[in-house]
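Visitor:
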Amino acid sequence: TLFRSYYLACGFCRWTSRDVGMADKSVASGGWQEPDNPHAQRINKLVEYYQQLAQKEKIERDRKKLVRRRAYMPLAFSEKFGRGTRLHRQRPGAPITSLAGLTLKEGEDQKEIKIEPAQAVEEVEPLPEDYYTRPINLTEVTTLQQRLLQPDFQPICASQLHPRHKHLIIKRSLRCRKCEHNLSKPEFNPTSIKFKIQLVAMNYIPEVRIMSIPNLRHMKESQVLLTLTNPVENNTHVTLTPYEEADPEDNSTAKVVVPSKELVLAGKDATAEYDELAEPQDFQDDPDVVAFRKANKVGVFIKVTPQQIGRA
246 TLFRSYYLAC GFCRWTSRDV GMADKSVASG GWQEPDNPHA QRINKLVEYY QQLAQKEKIE
306 RDRKKLVRRR AYMPLAFSEK FGRGTRLHRQ RPGAPITSLA GLTLKEGEDQ KEIKIEPAQA
366 VEEVEPLPED YYTRPINLTE VTTLQQRLLQ PDFQPICASQ LHPRHKHLII KRSLRCRKCE
426 HNLSKPEFNP TSIKFKIQLV AMNYIPEVRI MSIPNLRHMK ESQVLLTLTN PVENNTHVTL
486 TPYEEADPED NSTAKVVVPS KELVLAGKDA TAEYDELAEP QDFQDDPDVV AFRKANKVGV
546 FIKVTPQQIG RA
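Numbering of the sequence shown is given in this note's numbering, commencing with residue 246 and proceeding in unit increments.
#1: So the alpha helix (DSSP H) Asn289 belongs to, where does it begin and stop?
#2: May I have the straight-line CA-CA distance separating Val535 from Arg417, to the nearest angstrom?
#3: Considering Leu428, what are the terminal residues of the beta strand (DSSP E) in which it resides?
#4: For Pro551, write down the residues that DSSP places opposite it in a beta bridge.
#5: Are the segment 493-512 and the segment 536-554 touching by the rule of at least three beta carbon pairs closer than 8 Å?
#6: Classify Arg462 as helix, strand or coil using the three-state DSSP reduction.
#7: Secondary structure at Gln443, three-state DSSP: helix, strand or coil?
#8: If I follow the unbroken alpha helix (DSSP H) through Arg392, where does it start and stop?
#9: In three-state DSSP terms, what is Ala536?
#10: Report the three-state DSSP secondary structure of Val272 (helix, strand or coil).
#11: From which residue to which residue does the beta strand (DSSP E) around Glu452 run?
#12: Which of the three DSSP states, helix, strand or coil, is assigned to Val265?
#13: When you compare the CB positions of Ile547 and Leu461, do they come within less than 7 Å of one another, or not?
#14: Can the beta-carbon of Tyr294 be found closer than 7 Å to that of Ile360?
#15: Does the separation of the CB atoms of Pro487 and Val477 fall below 7 Å?
#16: Report all residues from its chain with a CB closer than 8 Å to the CB of Ile450; omit the five preceding and five following residues, and keep chain order.
#17: Quick one: any contact between the segment 262-274 and the segment 404-414, if contact means 3 or more CB pairs under 8 Å?
#18: Considering only C-alpha positions, which residue in the set Leu389, Asp530, Met464 and Thr481 is nearest to Lys500?
#19: Would Tyr251 pass as a contact of Ala273 if the rule is Cβ separation under 7 Å?
#20: So Ser467 is in the beta strand (DSSP E); what residue range does that whole segment cover?
#21: When burial is assigned at 16 or more other CB atoms within 10 Å of the CB, is Thr481 buried or exposed?
#22: Secondary structure at Thr481, three-state DSSP: helix, strand or coil?
#23: Gln468 to Pro459, Cα distance in whole Å?
#24: Let me check one thing: in DSSP terms, what residues is Arg599 bridge-paired to?
#25: Pick from Lys356, Pro280, Gln553 and Ile415: whose alpha carbon is nearest that of Thr436?
#26: Could you pull the start and end residues of the beta strand (DSSP E) that Leu510 belongs to?
#27: To the nearest angstrom, how far is the alpha carbon of Asn382 from that of Arg454?
#28: Quick one: grab the DSSP three-state call for Ala517.
#29: Alpha carbon to alpha carbon, how far is Pro283 from Leu291?
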């Protein structure tokens with residue numbers, strides 16, 4: 246019987262999990278073997294210590310806030326409402342009743358975590374004898390960025406590189422600020438790239454591209470070919486309007502003349518290029534304006550006259 250095994254491989258740098266000694270798996274799903282950090286116990290203890298220290302500091306700040314918020318009651322009001330005797334009876338330095346219940350964790354006895362300070366080591370492991378004479382192969386040595394991306398191991402050689410955990414990427418939905426309708430809403434399945442709602446403008450507005458540019462000459466009129474593509478299944482009416490020159494910060498370098506007639510774009514049909522018996526629609530196009538028409542795409546002539554000499 247054939248035994249099928251799976252391993253990780255990168256098609257860009259040709260790295261494989263076998264290069265770092267990771268064992269193959271019999272199934273492709275599930276987690277992969279991770280290297281053990283020899284200092285994991287020390288790091289976890291430090292994290293717990295500083296969490297407890299931060300919690301203590303937070304409780305002390307809360308105590309000071311509550312003590313500061315105690316309202317000052319004049320003597321006349323205290324005698325009137327019978328609170329003067331109670332305030333005077335309280336011993337100075339005694340714990341406030343409202344703060345007596347503040348503990349690190351309610352209902353649990355907190356044990357103070359003690360950590361041992363780090364100690365310097367007098368004896369350092371010596372370097373290999375051929376450390377300074379051995380030729381360096383840069384393909385086998387990790388870069389500074391690669392070492393900083395794995396601060397818990399800081400691999401020196403490329404053979405010590407292991408896959409890193411990727412940051413969590415979440416899906417977001419987008420709403421219109423005016424009508425609050427959903428414009429984009431992805432599916433909940435994290436492995437799916439489809440959308441439940443995808444109302445993006447590029448899916449409804451015709452796409453405009455420059456198809457060909459002739460040799461433009463100063464103060465001479467030339468024709469530039471634009472293509473308009475209809476992304477929707479219905480016919481779309483398009484009208485091109487010239488740019489207004491009233492803007493004082495206008496940086497245009499040419500005069501552009503667009504066709505004044507309305508253009509009709511045929512609806513998008515995915516089966517049109519495979520249907521040989523389909524009858525073409527008659528839009529009665531002006532040959533001076535429309536260069537060609539193919540399915541939902543139209544080529545349009547635009548007249549351009551350069552008014553400034555471009556810099557090389």
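Every residue, glycine too, gets a C-beta built ideally from N, C-alpha and C.
Guide: Quick look at the numbers:
#1: Ala285 to Arg313
#2: 42 Å
#3: Asn427 to Pro431
#4: Ala499
#5: yes
#6: coil
#7: strand
#8: Leu389 to Leu394
#9: strand
#10: coil
#11: Glu452 to Ser457
#12: helix
#13: no
#14: yes
#15: no
#16: Pro476
#17: yes
#18: Met464
#19: yes
#20: Ser467 to Thr474
#21: buried
#22: strand
#23: 7 Å
#24: No statement about residue 599 is possible, as the shown extent of the chain runs from 246 to 557 and does not include it.
#25: Ile415
#26: Leu508 to Leu510
#27: 49 Å
#28: coil
#29: 14 Å
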